[in-house]
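Undergrad:
There are 2 protein chains.
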Amino acid sequence: MTVQGLFATEASNLGKSARTRARLMDAAVQLFARDGFEATSVNEIARQAGVVNGTFYVHFRDRDEIAAAVALAIGQNVVRQLDEAMVGIEDAVERSSLATRRFIDLAASQPDWGAALVRAVLTFRDLRDSMIAYLRADLQRGVDQGLFTVAIDDLLIDTFASMTLGALAGRLRGDFGPEAGARVSELQLRMLGVPADRAREVCGRDVPALTLELAPLPKGLAKAG
Amino acid sequence: MTVQGLFATEASNLGKSARTRARLMDAAVQLFARDGFEATSVNEIARQAGVVNGTFYVHFRDRDEIAAAVALAIGQNVVRQLDEAMVGIEDAVERSSLATRRFIDLAASQPDWGAALVRAVLTFRDLRDSMIAYLRADLQRGVDQGLFTVAIDDLLIDTFASMTLGALAGRLRGDFGPEAGARVSELQLRMLGVPADRAREVCGRDVPALTLELAPLPKGLAKAG
DNA sequence: CCCAAATTTGGGATATCTGTCAATTGTGCC
DNA sequence: GGCACAATTGACAGATATCCCAAATTTGGG
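Chains A and B, in that order, are what the protein sequence lines are.
In this text, residue positions in the first sequence follow the numbering used here: the first is 25, and each later residue adds one.
In this text, residue positions in the second sequence follow the numbering used here: the first is 25, and each later residue adds one.
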């Protein structure tokens with residue numbers, strides 16, 4: 025596996041069309057992350073992917089379509105991995121802390137994906153809404169368990185998400201180090217009404233970091249180009 | 025005063041060059057707010073300002089220069105008005121609540137300016153840093169007064185700012201109503217360690233709203249076109 | 001009121017972008 | 001190995017962008 029992106033790696037054992045599509049998506053991720061959606065042209069995506077302009081239009085109708093495809097894929101993969109990593113954890117305080125910390129570490133493990141995700145969440149309402157829905161259950165659980173003493177509504181959830189995204193953005197800018205996830209998670213717990221010493225204790229524990237990978241490949245293949 | 029923007033209003037009694045420049049800046053604010061910096065062309069700014077393309081380049085070297093000018097002016101004006109509205113308030117809890125609530129209400133009172141401000145803070149590091157510096161003093165004051173029980177560092181301040189900006193963005197999207205400022209301020213105070221009942225009490229009080237206006241004009245002029 | 005200086009205009013040279021299509025090349029199935 | 005079909009190429013038309021500049025217009029001090 026060379027420096028190719030995650031999509032291309034995943035598609036490396038598929039047909040040519042899928043591989044080209046994956047390279048276009050990897051190129052789009054990089055450029056979206058660096059320049060934003062609006063500033064990225066179809067031409068540039070094609071050039072970065074090493075194909076000619078016309079090829080792009082075989083795979084995507086226009087820039088919006090590839091943007092949606094990329095945003096959806098990133099969002100789904102991050103949520104899926106987070107979900108898998110949290111099965112069996114019942115305590116809402118633990119879940120909240122794990123979700124925030126792993127989300128940040130996961131997205132920061134692939135800066136291009138992380139930056140594209142931040143931009144996508146700010147740009148695409150659908151993506152934001154779907155990721156926010158994921159949060160609601162955990163926060164409500166904390167209220168049901170009597171651990172959070174705050175009303176769970178859209179504003180609370182949105183604010184919680186803003187804190188997480190802000191810390192992720194700071195990490196991607198290089199302003200914060202790996203401790204950012206634990207720190208912001210502690211602040212979130214305090215906000216929710218968890219006693220300060222419990223918040224500190226939970227966030228002081230190490231969590232094993234995840235690294236971003238796509239849905240696992242079929243069997244024992246996954247050879248490199 | 026017609027529907028002209030704030031810059032043009034301010035410049036209405038100045039020379040022609042200043043007025044044209046102001047109209048370009050108003051146009052840029054509107055377009056940046058609607059489409060973002062990257063997606064806005066110089067052509068479009070000039071058209072929206074009612075001048076011909078070439079005129080733009082008399083006043084600004086390129087799009088980045090007008091973006092910086094607009095971001096700086098918006099930031100300075102918002103900070104100046106906030107500052108003026110808080111003289112004489114000593115209690116850090118009150119100051120924190122007032123700052124958040126007035127910031128949000130102020131920026132929401134002129135949605136174009138608000139949206140441009142949100143985008144600018146996310147785009148221009150200088151602007152973010154200067155607005156964040158403004159926060160630090162108030163948060164540190166709260167620690168000194170024994171009211172906040174959290175360490176004041178870059179991450180805390182950045183997180184506090186993310187919460188405020190997130191709530192502002194939600195208001196501009198129409199997701200939240202005028203109560204958003206008070207709600208998020210209460211969450212911030214809880215995060216900082218203010219007891220929940222005191223946070224609720226402070227944020228339950230009404231604050232007189234400010235409306236955005238630029239530095240006052242010289243004397244009794246300010247005629248409308 | 002007049003004129004020099006300041007300002008704006010309109011259009012042009014050049015570059016890039018989008019989206020399409022006929023022609024070419026490559027793939028994989030039989 | 002060869003063939004039918006899928007995928008890619010490269011070029012192009014039309015739109016729009018940037019940046020520049022000589023000519024025309026407007027401004028404001030004398």
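Using N, Cα and C, we set each Cβ at its ideal position, and we do this for glycine too.
Given the structure is predicted, the values throughout are model-derived calculations rather than measurements.
#1: Would you decide whether Q105 of chain B is buried or exposed? Buried here means 16 or more other CB atoms lie within 10 Å of its CB.
#2: Is it the case that the Cβ atoms of R207 of chain A and L179 of chain B are separated by a distance below 7 Å?
#3: By the criterion of Cβ-Cβ separation under 9 Å, what are the contact partners of E62 of chain B in chain A?
#4: Identify which residue in B:S41, B:A46, B:L146 has its Cα closest to the Cα of A32 of chain B.
#5: Return the residue from the list A:M49, A:T188, A:S36, A:P219 that minimises the CA-CA distance to A204 of chain A.
#6: Starting from the Cα of G60 of chain A, find the closest Cα among A:N101, A:V142, A:F127, A:E114 and give me that residue.
#7: Considering only residues of the same chain and omitting the five flanking positions on each side of L245 of chain A, which have a CB-CB separation below 7 Å?
#8: Could you spell out the range, first to last residue, of the alpha helix (DSSP H) harbouring T124 of chain B?
#9: Going along the chain, which residues of its own chain have a beta-carbon closer than 7 Å to the beta-carbon of Y158 of chain A, five neighbours each way excluded?
#10: Alpha carbon to alpha carbon, how far is Q28 of chain B from N67 of chain B? Give it in angstroms, no decimals.
#11: Answer with buried or exposed for Q169 of chain A, where buried requires no fewer than 16 other C-beta atoms within 10 angstroms of its C-beta.
#12: Hey, does G190 of chain A have any beta-carbon neighbour from chain B nearer than 7 Å?
#13: Does V218 of chain B get closer than 7 Å to chain A when you measure Cβ to Cβ?
#14: Within 10 Å of its beta-carbon, does R126 of chain A have 16 or more other beta-carbons around it, so buried, or fewer, so exposed?
#15: Would V102 of chain B pass as an interface residue toward chain A - the criterion being a Cβ-Cβ separation below 7 Å?
#16: Does Q54 of chain B come out as helix, strand or coil in the three-state DSSP assignment?
#17: When you compare each of A:Q100, A:M49, A:L96, A:V167 to V80 of chain A by their alpha carbons, which one comes out closest?
#18: Can you say whether A233 of chain B is buried or exposed, counting buried as having 16 or more other CB atoms within 10 angstroms of its CB?
#19: What does a CB cutoff of less than 7 Å around I181 of chain B pick up in its chain, not counting 5 residues either side in sequence?
#20: I'd like to check one pair, T235 of chain A with S133 of chain A: are the Cβ atoms closer than 7 Å?
#21: Find the nearest neighbour of V53 of chain B within the set B:S41, B:T44, B:I69, judged by alpha-carbon distance.
#22: Please compile the residues from chain A whose C-beta is within a distance smaller than 7 Å of the C-beta of L163 of chain B.
#23: Could you name the residues of chain B that G194 of chain A contacts, counting a contact when the two beta carbons are closer than 9 Å?
#24: Listing by chain order, which chain B residues have their CB less than 8 Å from the CB of A140 of chain A?
#25: CB G190 of chain A to CB L151 of chain A, shorter than 7 Å?
#26: Let me know if S65 of chain B comes out buried or exposed under the rule of 16 or more other beta-carbons within 10 Å of its beta-carbon.
#27: Can you give me, in chain order, the residues of the stretch 142-175 of chain B that have a beta carbon less than 7 Å from any beta carbon in chain A?
#28: Is the beta carbon of V94 of chain B closer than 7 Å to that of V226 of chain B?
#29: Measure the alpha-carbon distance for M271 of chain A versus L171 of chain B and round it to whole angstroms.
#30: Would you mind telling me which residues of chain A sit closer than 8 Å to A204 of chain B, beta carbon to beta carbon, in chain order?
#31: Should L211 of chain B be flagged as near chain A, meaning a C-beta pair shorter than 7 Å?
#32: Can you give me the C-alpha to C-alpha distance between R222 of chain A and V174 of chain B, rounded to a whole angstrom?
#33: Can the beta-carbon of L211 of chain A be found closer than 7 Å to that of T124 of chain B?
#34: Measuring alpha carbon to alpha carbon, tell me which residue in A:F56, A:A92, A:R87, A:A51 is nearest V75 of chain A.
#35: Classify N101 of chain B as buried or exposed, calling it buried when 16 or more other Cβ atoms lie within 10 Å of its own Cβ.
#36: Residues of chain A with CB under 9 Å from D199 of chain B, in chain order?
TA: So, from the listed chains and residues:
#1: When all chains shown are included, Q105 of chain B counts as buried.
#2: Taking 7 Å as the cut-off, the beta carbon of R207 of chain A is found closer than this to the beta carbon of L179 of chain B.
#3: Residues of chain A passing the Cβ test: D59, G60, F61, E62, A63, T64.
#4: Nearest of B:S41, B:A46, B:L146 to A32 of chain B, Cα basis: B:A46.
#5: A204 of chain A has its Cα closest to that of A:T188, out of A:M49, A:T188, A:S36, A:P219.
#6: Here the closest residue by C-alpha is A:V142.
#7: Reliability of the predicted coordinates at L245 of chain A is poor, the pLDDT of 32 falling under 50, and the value obtained from them is presented with this limitation in mind. Excluding residues within five positions, the ones whose Cβ falls inside 7 Å are N37.
#8: That run of the alpha helix (DSSP H) goes 116-133.
#9: Hits under 7 Å: V103.
#10: Computed Cα separation, rounded: 19 Å.
#11: Exposed, since its Cβ has fewer than 16 Cβ neighbours within 10 Å.
#12: Cβ-Cβ to chain B under 7 Å: yes for G190 of chain A.
#13: No, no contact with chain A.
#14: Here R126 of chain A is buried. Its C-beta has 16 or more other C-beta atoms within 10 Å.
#15: Answer no: the Cβ-Cβ gap between V102 of chain B and chain A never drops below 7 Å.
#16: If DSSP states are grouped into helix, strand and coil, Q54 of chain B belongs with the helices.
#17: The sequence shown places Phe at residue 80 of chain A, rather than the Val named in the question. Of the candidates A:Q100, A:M49, A:L96, A:V167, the residue whose Cα lies closest to the Cα of F80 of chain A is A:M49.
#18: Its Cβ having fewer than 16 others within 10 Å, A233 of chain B is exposed.
#19: The beta carbon of I181 of chain B is closer than 7 Å to those of I156, L159, R160, L163 in its chain, skipping five residues each way along the sequence.
#20: In contact: S133 of chain A and T235 of chain A (Cβ atoms closer than 7 Å).
#21: It is B:I69 whose Cα lies nearest to the Cα of V53 of chain B.
#22: Here the premise fails: no neighbours, minimum Cβ distance about 12 Å.
#23: Simply D178, L179, D182, T183, S186.
#24: Correct list: empty, because the minimum Cβ distance to chain B is about 15 Å.
#25: Not in contact: G190 of chain A and L151 of chain A (Cβ atoms no closer than 7 Å).
#26: Here S65 of chain B is exposed, its C-beta having fewer than 16 other C-beta atoms within 10 Å.
#27: Those residues of the stretch 142-175 of chain B placed with their C-beta closer than 7 Å to a C-beta in chain A are T173, ordered along the chain.
#28: No, these two residues do not count as a Cβ contact at 7 Å.
#29: Shown here, chain A extends from 25 to 249; a query on residue 271 of chain A therefore has no answer.
#30: In chain order: L179.
#31: Against chain A, the CB of L211 of chain B has a partner CB under 7 Å away; the residue lies at that interface.
#32: Rounded to the nearest angstrom, the two C-alpha atoms are 14 Å apart.
#33: Not closer than 7 Å, so no.
#34: With distances taken between Cα atoms, V75 of chain A lies closest to A:A51.
#35: With 16 or more other Cβ atoms within 10 Å, it is buried.
#36: Within chain A, the residues placing a beta-carbon under 9 Å from that of D199 of chain B are D178, L179, D182, ordered along the chain.
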